[in-house]
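Below: the structure, in structure tokens.
As structure tokens, then:
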């Protein structure tokens, strides 16, 4: 029996240059077939971090690249666990690899940003539907992977490697997003963390001497949230994108003819929910699989001169990167402040109340702080004892979860000095 | 007098995260205004290396990022030259910075790939027309930059920093392309080379002790040509893109209605040459400025089901990444081999002779070897003497220029084993 | 007036390859003369991190390299502050540069490890004495630097750049130690932090948007303490070195003739305190300046076969890297445990009570947690307000200071399993 | 059967932080025992690149670190070859690992610099004697390794991995020396080269698509020679070290009492050749194993005030880094020039003819150009054919071998301007 993959795979594997990891081995067989499938190739046209590249111009990396990277780390994790005596059969290894490869296949254009704007299904549910479909195309070959993905496989640690506090998804995206944004401070010691993984009672644990790396990982994640994912300017652009699409859908509902690709046109006219997807799985998946960042961006370009002035304004502002101002507060905004702002927007735009949801965007964001309430990271102490992370470190993990409230509106409304930050061009 | 930029610029500069250089300072003033202009923001939607990302999935970086990077290096080069006593006025520094920032602004979708397919003008000529136009929008502020760009400014070294054997364009693109492809072997010692720059008789020279870095630079460039820019699979994809567009234009000429964005539609129907651009500059530039990678990729997606089977085949193959096989030879292909191939293609496709130019793509590529015939790199020896590089190194620069002939055709035509290389998925 | 340094310096600066920063410019003039002086060249023979290389074999970097690195960062910090309008004269810039260059010149062999074993003076006091002496050799040229070093210069921020929460010393050593140990998780965003520095009321502040980088810096420092500086095996080696030297001094006091270099011989026979150094400054500095890591290591090699079995045992163990076992506890060790251990050591060694301080090493270590009690990092908020870090972040800085108690003794005494950690070879 | 190492090794392996490779796994068993042996630990005190750190202050890495790094690469190479179907038994793998681990164990202080000054044996011969001795200590466990090391094992490729055009020794030292000097241009694509290795007819070959990496490797090696190993200032320091030791030996022969460690003292009084080492192997190896960089540097420090003015001058110059001027020429120096220089040295020093060999150091250096005459790199073409590198590349490998002649003498002799290079401090 071979350690990693059956021999016929080992001998024919392909090598891919990944600026993050150097070289990535792509095993042949079902994994390779899945990568070659148009459903997966489509991820080449979906950026991992939506409009983050408006602030960090290098952040153009895709879901395709991320999924391959996570697969690479999964192979390493399996090798480490096996070297420590954990039994993982070939089929289980392949299952875990398929599960991580396809974990994000249900993402639509601009990933999370438009997740609930164009359709009313989560990307996890769509990922599972895609897997079901692929399990018919490659008959039965994804069954074990789906069990792992759904958390229904007895060896719980395999699911935890796909989705958990220290899964290969996070390991890769923190690394990759740090790399391509150039925010080096988000870099994590993924290699060390993986080397410290072990299994006790079918659950993933981290050896005690990896504890500082885990702390670093948690703080790096926190930093990436505020410095990248929830960066003011990124958030502003993404909020604008959401309302631009909402405006387009509203116009379509009113009977307007908007230029759009076939794929986008379908979703401007229909808004399928999960039940619809289950009912008409194959047909809706085909429509959805045709949709990516290109449809949306190209539509915005066409809409820049639309006769609906609001849609045109939102589209042109996004394409030319004239972004709304975004204000953050630690408390909800005072009603009077908001009211005054609404009035100014009405005056400035010459539009009526109905336009306010498109021009004054309100909301709040929280960072995903580590929480001790559930699914804690487990530390394997030298004594052999397994204890939760919160009882294993001197570092206070229970840092308050931080919520920030925001308001977002056109700069022209209220042209005060916007400060001198690194985000504009 | 200030060293770098007028005080009002220094004090307000913006900082940009660049994964390649860490931090990049963006000076305010005209440079910042140019970056904010839609003509320049458009470069965010044009990838630097066309379809290279089909082989190196990280290579999604844009002309926007490259131009900013080259500007960053230009600032460094100016600082180095000034520190060695070369007088460069503020206006000259700004001019050189504008010239490098805008040197590629004339690039269209997929950069070089479609340069002569959609329009019959070089990107350099278009860059100059854009500069002319911007010099009207920002009255007179680009005049000096244009003199430098055209090589008409007395201080010849300023032009050489923009366009020459060791210009900031090459320094940045070699670095950046290496970085994003992950082909670390293409990395050059740009920082050392820049530190070694000096000026003698108004021309750029390199201090003698930088000579090994120059050799390394030349070999790295050669490596990047064959391993990246002219990689078999990249070349195949780019050739396919060219013929797909040619097919679309042919169909339009025959009167077909093809879905396309307004911008792309215009260029499918018109093929302006330089004279046209000079005559109708403002109007044609507007059309051209509306065009980018998104128009082309979105069109391919729409054409995947076109009734013209050939266009549909080419478009779907590109979108799903089913690329043609490409064969390289050091000599022209034998006529008999080509003839046999033509016959097989006719048999396989069921199409007539007219289809061959779309299914059998022939051509040749040469790498840009260093040549001693003109514009040699000049070395400043410790003795004070300036000598051409070819007389300053023991390394044989006159390596034969290499030409490779290629044939490219659908794999299905002739399904032999395609080898096991790192390029497919 | 020039921005950085007088023109005659700018034009002649030297370039040094630093694997950490790429290139480092060395200005000519007094700074260069100081670097060339034997007092400074001596730092080439003093490792920055004592015996850390016994665990991290790359950590052989010296005080020399660190001081040059800190000088490099000081030049950057001064440039940043000037670009934001803070006035720093040429003399002040030079003074701050001299102060940081020489801040560690008083370090003896193995830096902190032997600081109170061979002499009874702190390295800061010795640094000041060296500066006094050099201020005579280069008459008056160090006066301003000494004011800054002592905190007696009105522009308090200059002192803070040399010694404070965010000084260039820490910036460099965290970076450099991370780099050479390979503990990449200790890497800090020094470049970003420096870019965010500003001055308000003559004190150093950090712009608000640098706050996440500061958090990362604090956590990285904490990680480096436990993972590197206070690593069990490093601590064990350093404790052994201390007692080996103590044993040698005891033997010398008893009249033994020990082989040693002239420089080390002097300090085995004398143990000057600060008063002695002030009284006989020039003579004692000459003795001290002759002493470095080489004297101590070479002495250990000679003592490996010494007739004093204890000295021989300690020396050979260190040279062959047979290190004592070190146990860490969060509470003081129980008296009974220690008593039992003492008895075993007496039995095992066949020596009497007097030998215990050489074979059972007790002590405790605390990490330098960030404390809000004094000298807090000050954050410059966008509002213009300056607030202490502890009130500017959601992250709990007041993490408990951690104290660990240790016991250290020969493995042979009590040969239990020592676990499987990464530290032995 | 296990892939890499017997299970008991896999399960207990240690991890070492290597700044060059990230993490390095150290297998237990005989390899670990060898690393723990004082003969190997001694390599911690021998710098890999002698006095290179006088120019590149980071270059303090040791033979210990290099040998571990080469072992790491050997493990990778074996894994790659096995994955391509080459049969390598566990014993053979262990043998190759031992051979690479110990390939440099015969190096003395300052590696190559003093190789023929203190003793008259090459380091390869000494490595073999050390292996013989260790094969007695660990009875028979090194027999296969020695066959491989000597080139007497049938599977020739194992020897080629230890010593050949593309051995793991070169792979590691080019990488490591680039890393620690900070001369990033010397970085090679070791990971890609290793991935491209294969075996045909029991010999090592490189797959065709690795050819550009090989070219890059050859040019990087050339660059490292001239920019690092044969750097003027490095060469000057090393030449001075050689004559300082020669002077010391001459004085000892004349009966002088020179302070020196026991180990160095022995070799100042004796100059054993290979025959002596074979005859009195165990005793001479003990003496030799006690000798390292520390003995020599400490001796120079003691000799700085020696009554022999010449020895004192050479020693103090080295310790304080007042290095001789070195002149390079492409042709032999003219007799008249040398004669004039000799006269000036006599005048300046006040010494007689006998002193000239210590003050006027003449010699020549060649870089190790790739040669096609023997032991060529073999390329495995896609056709299956194996052809020598020189027939597989368009790059002219036969670049002239370059010889440079040098003269080296105290700067004070002839105090002309020494230029402004990056080497002095």
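Chains as they are written, first to last, in our numbering: chain A, 3 to 427; chain B, 3 to 427; chain C, 3 to 427; chain D, 3 to 427. Note that the Cβ used here is the ideal one computed from N, Cα and C, for glycine as well. From a predicted model like this one, the values you see are computed outputs, not experimental measurements.
Own chain residues within Cβ distance below 7 angstroms of residue i, not counting five before or after
| i | result |
| --- | --- |
| residue 304 of chain A | 261 |
| residue 150 of chain B | 97, 98, 101, 160, 161, 164 |
Coil, strand or helix - residue i by DSSP
| i | result |
| --- | --- |
| residue 212 of chain A | helix |
| residue 411 of chain D | strand |
| residue 10 of chain B | Only weak support is given to the placement of residue 10 of chain B: the predicted model assigns it a pLDDT of 33, under 50, and the question is left unresolved by the model. |
| residue 24 of chain C | strand |
| residue 154 of chain C | coil |
| residue 323 of chain C | coil |
| residue 361 of chain B | helix |
| residue 279 of chain A | helix |
| residue 40 of chain B | helix |
| residue 183 of chain D | helix |
| residue 381 of chain B | strand |
| residue 82 of chain B | helix |
Spatial neighbours of residue i in its chain, beta-carbon cut-off 6 angstroms, leaving aside the 5 residues before and after
| i | result |
| --- | --- |
| residue 385 of chain C | none |
| residue 128 of chain C | 108 |
| residue 72 of chain B | 102, 170, 171, 174 |
| residue 61 of chain A | 51, 54, 55, 182, 183 |
Cross-chain neighbours of residue i in chain B, by beta carbon under 8 angstroms
| i | result |
| --- | --- |
| residue 197 of chain C | 17, 25 |
Listed by chain order, chain C residues near residue i by CB distance under 8 angstroms
| i | result |
| --- | --- |
| residue 193 of chain B | 24, 25 |
Neighbouring residues, chain C, relative to residue i (Cβ below 9 angstroms)
| i | result |
| --- | --- |
| residue 62 of chain A | Per Cβ cutoff of 9 angstroms: no residues; residue 62 of chain A is ~22 angstroms from chain C at best. |
| residue 229 of chain A | 211, 214, 215 |
Chain-ordered neighbours of residue i on chain C, where CB pairs are closer than 7 angstroms
| i | result |
| --- | --- |
| residue 54 of chain D | Correct list: empty, because the minimum Cβ distance to chain C is about 11 angstroms. |
7 angstroms Cβ cut-off: residues of chain A touching residue i
| i | result |
| --- | --- |
| residue 255 of chain B | Near residue 255 of chain B there are no residues of chain A at all, since even the closest Cβ is about 23 angstroms away, more than 7 angstroms. |
Below-8 angstroms beta-carbon distance, residue i vs any chain E residue
| i | result |
| --- | --- |
| residue 20 of chain D | The structure shown contains no chain E; its protein chains are A, B, C and D. |
Residue i: contacting residues in chain D (beta-carbon distance under 8 angstroms)
| i | result |
| --- | --- |
| residue 67 of chain C | 59, 60 |
_Contacting positions in the stretch 161-186 of chain C - beta carbon closer than 8 angstroms to chain A_ = 186
*What are the residues of the stretch 84-113 of chain B that lie near chain A, defined by any Cβ-Cβ distance shorter than 8 angstroms?*
none
*Taking 8 angstroms as the threshold, find out whether the stretch 402-411 of chain B comes into contact with the stretch 233-244 of chain B through three or more Cβ pairs.*
yes
*asked:* Beta carbons nearer than 9 angstroms to chain A: which residues of the stretch 219-249 of chain B have them?
replied: Cβ contacts with chain A come from no residue of the stretch 219-249 of chain B.
_For the stretch 123-140 of chain C against the stretch 272-279 of chain C, do three or more pairs of beta-carbon atoms, one drawn from each stretch, fall closer than 8 angstroms, so that the two count as touching?_
yes
*Given a limit of 7 angstroms on CB to CB distance, which residues of the stretch 306-335 of chain C reach chain D?*
322, 323
*Residues of the stretch 269-299 of chain A with Cβ closer than 9 angstroms to any Cβ of chain B, in chain order*: Hits within the stretch, in order: 292, 294, 295, 296, 297, 299.
_Residues of the stretch 27-42 of chain C with Cβ closer than 8 angstroms to any Cβ of chain D, in chain order_ = Sequence-ordered contacts of the stretch 27-42 of chain C with chain D read 28, 34, 37, 38, 40 [C-beta pairs closer than 8 angstroms].
*For the stretch 305-319 of chain B and the stretch 245-253 of chain B, state whether three or more C-beta atom pairs, one from each stretch, are separated by less than 8 angstroms.*
yes
*Meets three-Cβ-pair contact criterion under 8 angstroms: the stretch 323-340 of chain A and the stretch 327-338 of chain B*: no
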